[in-house]
Amino acid sequence: MVQVKQQGKQNAYMTNLMISLLLRFPEIMSLHFDMPQDEAKFTFLLKGKLEQEYNNFTVLLHDALAAFQDLTGKEFRVKAALQRSGKISLLTLISGTSCLSLEGIQLLCGLVRSSFAAALIRDAEATAVLQDDDLLQQEEMITYLLNHSTGTNKDSLLAFREAGKVYIFDK
Numbered sequence: 181m182v183q184v185k186q187q188g189k190q191n192a193y194m195t196n197l198m199i200s201l202l203l204r205f206p207e208i209m210s211l212h213f214d215m216p217q218d219e220a221k222f223t224f225l226l227k228g229k230l231e232q233e234y235n236n237f238t239v240l241l242h243d244a245l246a247a248f249q250d251l252t253g254k255e256f257r258v259k260a261a262l263q264r265s266g267k268i269s270l271l272t273l274i275s276g277t278s279c280l281s282l283e284g285i286q287l288l289c290g291l292v293r294s295s296f297a298a299a300l301i302r303d304a305e306a307t308a309v310l311q312d313d314d315l316l317q318q319e320e321m322i323t324y325l326l327n328h329s330t331g332t333n334k335d336s337l338l339a340f341r342e343a344g345k346v347y348i349f350d351k
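Shown next, in the form of structure tokens:
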């Protein structure tokens, strides 16, 4: 019985973490946390054909991750992929769930924002909602949930945004 309660608590932490991440970072269109595989997938929507920008982004990402590792002493590996579908491109960044940190996620989102500024599709409703105090509170919540939710859950969860709402599914 205790094990069932613990599992439910971990699912609540993961669900709240995913909601908080999507609220805090309106540029993230979907998240997929595959805990058994220790994989976190962040998906961003981009307008247009962006092969050259993507090539520049991968070089910048490599350099930024090396600097991040030197400064923090924490290993943070990220694989990037760009998939084109009509007039839209999907940028996917994959890292381990066990090495996620607020600083690492901020780094990834900041790199995406700066590299694809004109092409990045954001949730306009989420962007307008959060004020400075709300951002700080969201970041504190994310840090707490990252410390209490990763590494022990056995589930695979998918979260995405649509029309200002966040949906979460247990895969």
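Per the numbering used here: the sequence shown = residues 181 to 351.
Note that the Cβ used here is the ideal one computed from N, Cα and C, for glycine as well.
Fair warning: this is a prediction, and the values are worked out from it, not measured in the lab.
Bounding residues of the alpha helix (DSSP H) (the contiguous stretch that carries residue i)
i, result
"G294", "A quick correction: the sequence has Ser, not Gly, at residue 294. Counting along the chain, the alpha helix (DSSP H) containing S294 begins and ends at L282 to S295."
C-alpha gap between residue i and residue j, whole angstroms
i, j, result
"T195", "E231", "34 Å"
"R257", "S275", "6 Å"
"K229", "K259", "20 Å"
"C289", "T252", "18 Å"
"V239", "S295", "11 Å"
"K254", "I285", "13 Å"
"L211", "F205", "11 Å"
"I268", "L300", "10 Å"
"F340", "A246", "29 Å"
"L225", "N235", "17 Å"
"D335", "D314", "29 Å"
Which residues DSSP lists as bridging residue i, in chain order
i, result
"R264", "S269"
"T223", "S210 and T272"
"A339", "L211 and I348"
"K229", "In DSSP, K229 forms no bridge with anything."
"K259", "I274"
Expected contact under 8 Å - CB spacing of residue i and residue j to nearest Å
i, j, result
"T223", "L270", "6 Å"
"T272", "A261", "5 Å"
"R293", "E207", "6 Å"
DSSP state of residue i mapped onto helix, strand, coil
i, result
"R302", "coil"
"D243", "helix"
"K351", "coil"
"Q318", "helix"
"F237", "helix"
"D218", "coil"
"F248", "helix"
"T323", "helix"
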